[in-house]
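> Got a structure for you, questions after.
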Amino acid sequence: MGITYTTLPSPNGWLGGIILIDVKRELKNAAGRIFLTITYEPATGWVYNNWLGSQCLASVQQGADASLEVVADNESSQLLNDNRLVAGPWSQATEWLVTHWVPRALTAGLTHFAHITSPEPLARLSAENLHHRIRGAFQMQIFNKKIQAEEWLQQAQAELIVAKR
Numbered sequence: 003m004g005i006t007y008t009t010l011p012s013p014n015g016w017l018g019g020i021i022l023i024d025v026k027r028e029l030k031n032a033a034g035r036i037f038l039t040i041t042y043e044p045a046t047g048w049v050y051n052n053w054l055g056s057q058c059l060a061s062v063q064q065g066a067d068a069s070l071e072v073v074a075d076n077e078s079s080q081l082l083n084d085n086r087l088v089a090g091p092w093s094q095a096t097e098w099l100v101t102h103w104v105p106r107a108l109t110a111g112l113t114h115f116a117h118i119t120s121p122e123p124l125a126r127l128s129a130e131n132l133h134h135r136i137r138g139a140f141q142m143q144i145f146n147k148k149i150q151a152e153e154w155l156q157q158a159q160a161e162l163i164v165a166k167r
């Protein structure tokens with residue numbers, strides 16, 4: 003896991019500034035190829051998953067569990083799940099995600115799941131199936147573009163701030 007520290011100036015000039023910590027994990031398959039990069043981005047407050055290549059049940063389980071650790075460790079309620087570089091379907095993992103991962107994601111505090119779909123039809127179908135199966139557990143939206151997903155998460159953050167007032 004890579005950790006990057008960034009020091010921002012303190013608004014009042016004391017304490018030496020504010021430290022933001024970027025957390026980055028790379029998961030590799032048996033061939034040594036990266037299949038998932040997980041990043042906690044303190045500036046946005048969400049966890050970003052960038053999935054690469056073909057995914058099987060084992061890789062989805064390993065990646066989903068690892069991303070949930072980052073969500074919990076950073077007390078993030080939002081996950082940006084990027085599948086634009088995924089090849090093929092991952093529907094074999096849907097049942098496991100719904101029955102095992104979603105309940106733990108709720109316990110970890112996940113409220114918003116933005117999913118950027120792959121342009122491949124079978125991968126998109128897998129995402130739509132997951133979306134249909136988890137309706138109501140937490141907010142999930144499917145997007146074609148990263149900017150749309152980011153805007154949705156930003157809007158959710160803004161609504162939460164207003165609701166807390």
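Residue 102 in the working numbering sits at position 100 of the sequence shown, with consecutive numbering throughout.
From the three backbone atoms N, C-alpha and C, an ideal C-beta is built for every residue, glycine too.
1) Mark Ala-125 as exposed unless 16 or more other C-beta atoms lie within 10 angstroms of its C-beta, in which case mark it buried.
2) Which residues in the same chain as Asn-14 place their Cβ atom closer than 6 Å to its Cβ, once the five residues preceding and following it in sequence are excluded?
3) Say yes only if the C-beta of Arg-35 is nearer than 8 Å to one or more non-hydrogen atoms of the ligand NAP, and no if none qualify.
4) Which residues bound the beta strand (DSSP E) around Trp-53?
5) Just the C-alpha distance for Ala-152 and Trp-98, rounded to the nearest angstrom, thanks.
6) Between Trp-53 and Leu-87, which are expected to be in contact by the criterion C-beta below 8 Å, what is the C-beta distance as a whole number of angstroms?
7) By alpha-carbon positions, which one of Phe-115, Asn-146, Ser-78 and Gly-55 ends up nearest to Tyr-42?
8) By Cβ distance, which residues of its chain are closer than 8 Å to Trp-16, with the 5 residues on each side in sequence left out?
9) Which residue comes first and which comes last in the alpha helix (DSSP H) that contains Glu-130?
10) Any idea if His-34 is buried or exposed, counting beta-carbon neighbours within 10 angstroms, 16 or more meaning buried?
11) For Pro-123, count neighbouring C-beta atoms within 10 Å of its own C-beta (all shown protein chains included) and say buried if the count is 16 or more, exposed if not.
12) How would you call Val-164, buried or exposed, if buried means at least 16 neighbouring beta carbons within 10 angstroms?
Answer, in terms of the structure:
1) buried
2) Because the pLDDT at Asn-14 is just 45, under 50, the model does not fix this residue reliably, and the point stays unresolved.
3) Judged by which ligands are present, the structure shown has none, so any question about the ligand NAP falls away.
4) Annotation: the continuous beta strand (DSSP E) that includes Trp-53 extends over 48–55.
5) According to the sequence as given, residue 152 is Glu; it is not Ala. Approximately 26 Å between the Cα atoms of the pair.
6) 7 Å
7) Ser-78
8) Here the model assigns Trp-16 a pLDDT of 42, short of 50, so the residue's position is not dependable, and the following value carries that caveat. Result list for Trp-16: empty, nothing under 8 Å.
9) 123–135
10) First, the amino acid is wrong: residue 34 is Gly here, not His. Gly-34 comes out exposed.
11) Label assigned to Pro-123: exposed.
12) exposed
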